[in-house]
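Take a look at the structure below.
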Amino acid sequence: MSGVELRCKGPFAYREAVPERAAGHDAVPVLCLHGFPETSWMWRHVLARLAEDGHRAVAPDRPGCGRSEPDPPATWTRQVEAVERFADLLGLPPVVLVVHDWGGLIGLRWACDHPERVRGLVISASGFFPDGKWHGMAEGLRTEGTGEQLLAGIDHDGFAALMSSLGTGFDDQTIGEYWLSFGTEEGRAAVLEMYRSGNFEELAPYEGRLAALDVPTLLLWGETDDFAPVATAHRLERELPRSELRFIEGAGHFLYSDQPELTAAAVGDFVTRLGSD
Numbered sequence: 050m051s052g053v054e055l056r057c058k059g060p061f062a063y064r065e066a067v068p069e070r071a072a073g074h075d076a077v078p079v080l081c082l083h084g085f086p087e088t089s090w091m092w093r094h095v096l097a098r099l100a101e102d103g104h105r106a107v108a109p110d111r112p113g114c115g116r117s118e119p120d121p122p123a124t125w126t127r128q129v130e131a132v133e134r135f136a137d138l139l140g141l142p143p144v145v146l147v148v149h150d151w152g153g154l155i156g157l158r159w160a161c162d163h164p165e166r167v168r169g170l171v172i173s174a175s176g177f178f179p180d181g182k183w184h185g186m187a188e189g190l191r192t193e194g195t196g197e198q199l200l201a202g203i204d205h206d207g208f209a210a211l212m213s214s215l216g217t218g219f220d221d222q223t224i225g226e227y228w229l230s231f232g233t234e235e236g237r238a239a240v241l242e243m244y245r246s247g248n249f250e251e252l253a254p255y256e257g258r259l260a261a262l263d264v265p266t267l268l269l270w271g272e273t274d275d276f277a278p279v280a281t282a283h284r285l286e287r288e289l290p291r292s293e294l295r296f297i298e299g300a301g302h303f304l305y306s307d308q309p310e311l312t313a314a315a316v317g318d319f320v321t322r323l324g325s326d
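Using this note's numbering, you'd call the opening residue of the sequence shown number 50 and step up by one each time.
Okay, structure coming up:
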């Protein structure tokens with residue numbers, strides 16, 4: 050895709066928006082973190098828009114996902130630590146952090162742990178509450194024996210059918226990108242380890258800290274999200290003092306695939322407004 054390059058540095062593979070014009074004083078650095086079962090490929094339209102607008106943006110494949118090397122253990126905490134290693138490796142200045150799904154659970158912990166590295170947030174399809182509840186599929190993956198059976202029963206065609214049942218935009222190339230890690234025994238074991246390491250009670254020490262960041266925040270949500278319901282978006286809006294909430298029509302949980310042009314424009318406009326403030 051024009052303006053987006055796939056790169057590798059150390060153990061990380063990542064996609065980077067290459068600005069189409071020289072970065073000016075209003076250019077804003079952006080860090081995008083994907084969810085499950087995706088990779089940095091999910092951000093390609095957002096990255097292309099940011100490149101067009103003159104911003105530098107990077108989106109890593111999280112450890113063990115896509116083309117990035119595994120970094121065991123594949124726990125929630127280890128994934129949070131990996132964000133800091135990636136930011137250090139690239140020498141990133143304070144960023145607008147854009148997160149989706151598990152990228153939110155991971156990235157928002159990182160943001161609270163390193164507030165000096167964050168100047169804005171875009172949050173999609175992710176809660177951040179110690180009283181959170183897992184959806185049915187996640188509960189299955191977290192259950193010993195059941196999770197193994199669920200994943201063992203999914204071949205490439207089954208994976209493609211599952212993703213297509215959850216949203217649009219999952220063409221053959223997209224399925225191939227997400228299958229890179231999901232299709233391996235090591236990758237599936239890492240999925241189970243991550244889900245089983247994630248207990249919402251661990252967010253208790255973070256209560257109030259996301260609001261304390263006091264940065265401009267865009268809450269970008271699919272209007273028919275069955276995994277992170279709209280009530281979560283409204284709760285975040287109430288708790289984050291500088292937030293704005295926008296629902297994307299015709300989009301569910303995988304809103305960046307369902308409505309790539311609308312979501313890319315929403316993120317691009319938000320980031321550009323931050324640069325002009």
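Each residue gets a CB set at the ideal place from its N, CA and C atoms; glycine is no exception.
This one's a predicted model, so the numbers in the text were calculated from it and none came from an experiment.
Note down the Cα distance separating residue i from residue j, rounded to an integer number of angstroms.
| i | j | result |
| --- | --- | --- |
| Val147 | Gln198 | 33 Å |
| Phe219 | Phe61 | 24 Å |
| Cys81 | Leu139 | 14 Å |
| Glu298 | Glu310 | 12 Å |
| Thr217 | Ala209 | 11 Å |
| Gly271 | Val95 | 16 Å |
| Gly196 | Gly202 | 10 Å |
| Gly181 | Gly153 | 13 Å |
| Phe249 | Phe178 | 7 Å |
| Thr223 | Gly115 | 11 Å |
| His8 | Met91 | Lying outside 50 to 326, the shown extent of the chain, residue 8 is not represented and no answer is given. |
| Glu193 | Leu200 | 12 Å |
| Asp162 | Gly225 | 34 Å |
| Leu215 | Gly207 | 13 Å |
| His104 | Arg284 | 30 Å |
| Val171 | Glu251 | 22 Å |
| Gly59 | Ala131 | 12 Å |
| Arg93 | Glu54 | 9 Å |
| Thr321 | Pro254 | 33 Å |
| Phe319 | Glu256 | 26 Å |
| Pro164 | Val264 | 10 Å |
How should residue i be labelled, buried or exposed, when 16 other C-beta atoms within 10 angstroms of its C-beta is the threshold for buried?
| i | result |
| --- | --- |
| Ser213 | exposed |
| Thr233 | exposed |
| Ala174 | buried |
| Pro328 | This structure cannot settle anything about residue 328, because the visible part of the chain is limited to 50 through 326. |
| Cys57 | exposed |
| Thr312 | buried |
| Asp97 | Reading off the sequence, residue 97 comes out as Ala, not Asp. With 16 or more other Cβ atoms within 10 Å, it is buried. |
| Asp274 | buried |
| Glu69 | exposed |
| Arg64 | buried |
| Pro290 | exposed |
| His83 | buried |
| Gly317 | buried |
| His149 | buried |
| Ala261 | exposed |
Using C-beta distances below 7 Å, list every residue in its chain close to residue i, excluding the 5 sequence neighbours before and after it, in chain order.
| i | result |
| --- | --- |
| Trp183 | Arg191 |
| Gly113 | Pro119, Asp120, Ala123, Ser230, Gly236 and Ala239 |
| Val176 | The sequence given here places Gly at residue 176; Val does not occur at that position. So the list reads Ala277 and Thr281, once near-sequence residues are dropped. |
| Ser292 | Thr266, Leu268, Leu285 and Glu286 |
Going by C-alpha distance, which of the options is nearest residue i?
| i | options | result |
| --- | --- | --- |
| Arg127 | Arg158, Ala210 and Gly194 | Arg158 |
| Glu242 | Thr273, Glu101 and Ala187 | Ala187 |
| Trp151 | Val320, Arg245 and Gly317 | Arg245 |
| Pro142 | Gly169, Asp180 and Arg93 | Gly169 |
| Ser325 | Glu250, Asp102, Pro278 and Arg116 | Asp102 |
| Thr266 | Ala315, Gly185 and Asp204 | Ala315 |
| Trp228 | His205, Arg258 and Leu211 | His205 |
| Val145 | Trp125, Asp137 and Arg166 | Arg166 |
| Ala160 | Val107, Pro78, Phe135 and Val129 | Val129 |
| Gly247 | Arg258, Ala100 and Trp125 | Trp125 |
Give every residue of the same chain whose Cβ lies closer than 6 Å to the Cβ of residue i, excluding the five residues on either side of it in the sequence, and list them in chain order.
| i | result |
| --- | --- |
| Leu294 | Leu268, Ala282 and Glu286 |
| Asp110 | Ala62, Thr88, Ser89, Arg116 and Ser117 |
| Phe276 | His184 and His302 |
Ordered along the chain, which non-local residues of its own chain (more than five positions away) have a Cβ less than 8 Å from that of residue i?
| i | result |
| --- | --- |
| Ala76 | Pro68, Gly103, His104, Arg105 and Gly324 |
| Asp307 | Gly216, Thr217, Gly218, Gly271, Ile297, Gly299, Ala300 and Gly301 |
| Val279 | Trp270, Glu272 and Phe296 |
>> Please give the ranges of any beta strand (DSSP E) in the stretch 123-171, keeping only runs that are unbroken, at least 3 residues long and fully inside the region.
In response: Fully enclosed beta strand (DSSP E) runs of 3 or longer: 144-149.
>> Quick check on the DSSP output: what are the complete alpha helix (DSSP H) runs of length 4 or more inside the stretch 196-238, in order along the chain?
In response: For the stretch 196-238, the full-length alpha helix (DSSP H) segments reaching 4 residues or more read 205-215 and 221-231 along the chain.
> What residue ranges within the stretch 232-278 form continuous beta strand (DSSP E) runs of no fewer than 3 residues, ordered along the chain?
Replying inline: Look at the stretch 232-278 and you find these whole runs of beta strand (DSSP E), each 3 residues long or longer: 266-271.
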